[in-house]
Amino acid sequence: MWRVYSLCSSSPCWNPRVQIQVTHYIGYERERILCEPKKYDPTFKGPIYNRGCTDIVCCILFIICILGYVAVGILAWSQGDPRKVIYPTDSRGQFCGQAGTPLETKPLLFYFNIMKCASPMVLLEFQCPTTQMCVEKCPDKFMTLLKAYANKEDFKYYKNFCKEGLEGLTVTQILSSGLCPAMLTPSKPFTRRCFPALGQKKGGEITVGNNSKFDDGEGNIRDAKDLVAGVKNATVVIEARQVAMKIFEDYTQSWYWIIIGLVIAMLISLLFIVLLRFLAGIMVWVMIVMVILVIGYGIFHCSMEYVSLKSEAGSNVTLKDLGFQTDFSVYLHIRQTWLAFIIILAIVEVIIILLLIFLRNRILIAIALIKEASRAIGYVMSALFYPLFTFALLSIVIAYWAVTAVSLGHTVNFSTSSMKAECPDSKCLFAFYGGETVYHKYLIGLQFYNVFLFFWCANFVTALGQMTLAGAFASYYWALVKPDDMPAFPIFSSLGRSLRYHTGSLAFGSLILSIIQIIRVLLEYIDHKLQGTQNKCTKFLLCCLKCCFWCLEKFIKFINRNAYIMVAIYGKNFCTSAKDAFFLLMRNMIRVAVLDKVTDFLLFLGKLLIVGLVGIFAFFFFSGRVKAFENTAPNLHYYWVPILTVVVGSYLIAHGFFSVYAMCVDTLFLCFLEDLERNDGSAERPYLMSDRLLRVLNKKNKPEPAE
Numbered sequence: 034m035w036r037v038y039s040l041c042s043s044s045p046c047w048n049p050r051v052q053i054q055v056t057h058y059i060g061y062e063r064e065r066i067l068c069e070p071k072k073y074d075p076t077f078k079g080p081i082y083n084r085g086c087t088d089i090v091c092c093i094l095f096i097i098c099i100l101g102y103v104a105v106g107i108l109a110w111s112q113g114d115p116r117k118v119i120y121p122t123d124s125r126g127q128f129c130g131q132a133g134t135p136l137e138t139k140p141l142l143f144y145f146n147i148m149k150c151a152s153p154m155v156l157l158e159f160q161c162p163t164t165q166m167c168v169e170k171c172p173d174k175f176m177t178l179l180k181a182y183a184n185k186e187d188f189k190y191y192k193n194f195c196k197e198g199l200e201g202l203t204v205t206q207i208l209s210s211g212l213c214p215a216m217l218t219p220s221k222p223f224t225r226r227c228f229p230a231l232g233q234k235k236g237g238e239i240t241v242g243n244n245s246k247f248d249d250g251e252g253n254i255r256d257a258k259d260l261v262a263g264v265k266n267a268t269v270v271i272e273a274r275q276v277a278m279k280i281f282e283d284y285t286q287s288w289y290w291i292i293i294g295l296v297i298a299m300l301i302s303l304l305f306i307v308l309l310r311f312l313a314g315i316m317v318w319v320m321i322v323m324v325i326l327v328i329g330y331g332i333f334h335c336s337m338e339y340v341s342l343k344s345e346a347g348s349n350v351t352l353k354d355l356g357f358q359t360d361f362s363v364y365l366h367i368r369q370t371w372l373a374f375i376i377i378l379a380i381v382e383v384i385i386i387l388l389l390i391f392l393r394n395r396i397l398i399a400i401a402l403i404k405e406a407s408r409a410i411g412y413v414m415s416a417l418f419y420p421l422f423t424f425a426l427l428s429i430v431i432a433y434w435a436v437t438a439v440s441l442g443h444t445v446n447f448s449t450s451s452m453k454a455e456c457p458d459s460k461c462l463f464a465f466y467g468g469e470t471v472y473h474k475y476l477i478g479l480q481f482y483n484v485f486l487f488f489w490c491a492n493f494v495t496a497l498g499q500m501t502l503a504g505a506f507a508s509y510y511w512a513l514v515k516p517d518d519m520p521a522f523p524i525f526s527s528l529g530r531s532l533r534y535h536t537g538s539l540a541f542g543s544l545i546l547s548i549i550q551i552i553r554v555l556l557e558y559i560d561h562k563l564q565g566t567q568n569k570c571t572k573f574l575l576c577c578l579k580c581c582f583w584c585l586e587k588f589i590k591f592i593n594r595n596a597y598i599m600v601a602i603y604g605k606n607f608c609t610s611a612k613d614a615f616f617l618l619m620r621n622m623i624r625v626a627v628l629d630k631v632t633d634f635l636l637f638l639g640k641l642l643i644v645g646l647v648g649i650f651a652f653f654f655f656s657g658r659v660k661a662f663e664n665t666a667p668n669l670h671y672y673w674v675p676i677l678t679v680v681v682g683s684y685l686i687a688h689g690f691f692s693v694y695a696m697c698v699d700t701l702f703l704c705f706l707e708d709l710e711r712n713d714g715s716a717e718r719p720y721l722m723s724d725r726l727l728r729v730l731n732k733k734n735k736p737e738p739a740e
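Quick note, the working numbering runs 33 ahead of the 1-based positions in the sequence shown.
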């Protein structure tokens, strides 16, 4: 027994020997905690079934936050109006062209003075400080109110772009009351809005309605170029919406081909999983060779495109000079684009080849672990379909977040408000963000809460999948006689344990990760806001913070993943499980570095191969480069839209299937480390790992002594 009265040198009881002994004791205890392996437990036979609830406080907090999230959603849906994202509204807040209203036949929005949209505040407020009204069609001629007022027919036409109540008023009274625009310019509809029909002569002179000058209705003759700034600011958001509409049209034309591509990706992924089940060793080497060949073909194809553009005019323009273009196909006609592809693919190819050379001896052990994972999945085949459940839950979380965010961002329609009922002639003009009601005052806080709960719920769903799979595969590893000692339905049994006993632990781990992710989002937001004003010191500090929190997020994900495995096996709380998993991995650091990560690398190559094969097929089909598909492929604005969709979807599908393998490998690896520490291969304490793993590790179980 150690007795310490004081460790302070000023104390009369201080003794240097005692201090040295205590220091050694503390160091010994720290080393013992880190280095002492697990002891043999004859009663341990896999995941513990008699367990209690863990992290109850976090469970209660999570439930309360979910109820609050539901309340925020209901509040947003009752106060918001998502239609404002799509349909234009006039100054009275009424939707143009809405069925069942007086504006049903007036689908277009007309601006009284488009030049007021040239204000820089338009980009911040998304609102032009001029009267806006719904019209049947855009004006098609030059006209001023002063001249139209003198001609009965012209004034009749002019009234189509004026408010009601013009009878008996003079021109001065009409203009001072804001009932009519001072002038009309030839305009064309663009995304349901009327914009001046600007043109350009050969000399570069801007025209509107074939005229370079116009009367602004106030006795001033102005240049047509004065309209450019207003149109540009008024359409800065509209251009993005136009691209979105073209992308939407491309999806309507190609959706069935996209589904076919995703089905092909799913079939290839499933085929790989089945082949890995029976031919793991051969398939791994086939994967490695195929990945090298696919990337090599990518380098060859990009090189051919780079050479073929050499003689084309304008192909030597740099990406910097070209700038950002909404039509991304323009970049494919630039040689520098293909050169960038060549460099990126070549770097990836060299990195993969070097890694394979240095890790060639460890690949054999990783293959043995993959074979064991294949065998485990053979006993728990339902695990292959569990990602569909995770995908469904994530889809619900994403959809709920998106609808709530849109509803919070677009408040209730002004035309249905109480103010509008009291004052029918009131207009809706932008004043400031927020409002006088409690809802408007805390709108930014509600948006922040929506984003934070989105991260928390998404991480919770992912964590639930990890713990469920870990519990199922752990029951396989620790079963002495397979499958007799395993549950009848391993996935359902593990899912039930996770939700019944460990909702708090799942909420705790996902909460820590969500806090880090929301900090990263805030750092990105601050960086974006300070982009034009930050000095080098601020830029360096933000860069360091973003890098540190990125590393911290990766570390927490690693800790959480292994903590969930330990919770699934032993049923302890999150912190204890995270500590046990971390020290277990630290005691076997070399094995973690050279075995587990090599296996992850091989599985990543499998995902890369599936994405590469499906991506190449999608590129040749949608781009029409192959004559056999010229008449079959749909006509698209941007053929890269379905290609990117198929590539991203293929990766998600492959990741879904291979994530089961990755979780299986991680679980078996942790159980394998525990097995090495708990048992010694004797008849009393035999290893529970497969004979294949025993041979690879040069281990063996000693036979029982003959009686």
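Cβ atoms here follow ideal geometry from the backbone N, Cα and C, with glycine treated the same way.
In this text, all values refer to a predicted model and were calculated from it rather than measured experimentally.
Helix, strand or coil at LEU208 [DSSP, three-state]: Looking at LEU208 - three-state DSSP - the assignment turns out to be helix.
Cutoff 7 Å; reference GLN499; Cβ partners in own chain excluding five residues on either side: Taking GLN499 as the centre and dropping the five residues before and after it, the same chain places the C-beta of ARG594, TYR597, MET696 closer than 7 Å to its C-beta, in chain order.
Which of helix, strand or coil DSSP assigns to GLN165: Strand, per DSSP.
DSSP three-state assignment for SER723, whether helix, strand or coil: Reduced to three states, the DSSP call for SER723 is coil.
Residues bridged to CYS227 [DSSP beta-bridge criterion]: According to DSSP, which records beta bridges pairwise, CYS227 is partnered with PRO222.
Candidates PHE653, ILE559, VAL168: closest to LYS139 by CA position: That would be VAL168, whose Cα lies nearest to the Cα of LYS139.
Sequence-distant residues of the same chain with beta carbon closer than 7 Å to PRO516, five excluded per side: If we look at PRO516 and ignore the five residues flanking it on each side, its Cβ neighbours are TYR412.
Close beta carbons around TYR364, own chain, < 6 Å, minus the five adjacent residues each side: In the same chain as TYR364, and ignoring 5 residues on each side of it, the C-beta atoms closer than 6 Å to its own belong to THR370, in chain order.
First and last residue of the uninterrupted alpha helix (DSSP H) at TYR603: It spans 569-603 - the alpha helix (DSSP H) in which TYR603 sits, taken as one unbroken run.
Top-ranked residue by Cα proximity to LYS640, from ILE676, VAL680, PHE654, ALA601: When only C-alpha atoms are compared, the closest one is VAL680.
Whole-angstrom distance between VAL631 and MET323, CA atom to CA atom: In this model, MET323 and VAL631 are separated by some 18 Å (Cα to Cα).
Beta-bridge pairing of PHE128 - partner residues as DSSP gives them: According to DSSP, residue pairing for PHE128 in a beta bridge involves THR122.
Exposure of ARG728, with buried meaning 16 or more beta-carbon neighbours within 10 Å: Here ARG728 is exposed. Its C-beta has fewer than 16 other C-beta atoms within 10 Å.
Where the alpha helix (DSSP H) through PHE654 begins and ends: 630-655 is the span of the alpha helix (DSSP H), which, as asked, contains PHE654.
Where ARG533 falls, given that 16 or more other Cβ within 10 Å makes a residue buried: ARG533 should be labelled exposed.
Beta-bridge pairing of LEU217 - partner residues as DSSP gives them: Beta-bridge pairing links LEU217 to MET176.
Rounded distance between the beta-carbons of LEU421 and ASN492, thought under 8 Å: Between ASN492 and LEU421, the beta carbon gap of about 19 Å keeps them out of contact (Cβ cut-off 8 Å).
Simplified DSSP assignment, three categories, for PHE143: DSSP places PHE143 in strand when its eight states are reduced to three.
Among MET519, ASP173, LEU706, nearest to TYR190 - alpha-carbon criterion: Of the listed residues, the one whose Cα sits closest to TYR190 is ASP173.
Sub-8 Å separation of LEU575 and VAL327 beta-carbons: It is not a contact, given that the beta carbons lie outside the stated cut-off.
Distance, LEU108 Cα to LEU479 Cα: So the two alpha carbons sit approximately 10 Å from each other.
Backbone secondary structure at GLU557 - three-state DSSP: DSSP, reduced to helix, strand and coil, places GLU557 within a helical segment of the structure shown.
Residue range of the alpha helix (DSSP H) that includes VAL103: From DSSP, the alpha helix (DSSP H) with VAL103 extends over 89-112.
Neighbourhood of ALA399 by C-beta distance below 7 Å, restricted to the same chain and skipping five residues each side: Around ALA399: LEU628, VAL631, THR632, LEU635.
ALA496: first and last residue of the uninterrupted alpha helix (DSSP H) it sits in: Unbroken alpha helix (DSSP H) run through ALA496: 476-510.
Buried/exposed call for GLY263, threshold 16 Cβ in 10 Å: Residue placement at GLY263 cannot be trusted, given a pLDDT of 45 that sits under 50; what the coordinates show is reported in the next sentence. The C-beta of GLY263 has 16 or more other C-beta atoms within 10 Å across all chains shown, which makes the residue buried.
Proximity of PHE305 and ILE643 at Cβ, strictly below 8 Å: Against a cut-off of 8 Å, the Cβ pair of ILE643 and PHE305 comes out as a contact.
Exposure label - ILE301; buried when at least 16 CB within 10 Å: Under this definition ILE301 is a buried residue.
Ranges of the alpha helix (DSSP H) found wholly within the stretch 290-376, counting only runs of at least 4: The stretch 290-376 contains these whole alpha helix (DSSP H) runs: 352-355.
8 Å CB neighbourhood of GLU557 in its chain, flanking five on each side removed: When the five nearest sequence neighbours on each side are left out, the beta carbons in the same chain lying within less than 8 Å of the beta carbon of GLU557 are those of LYS579, in order along the chain.
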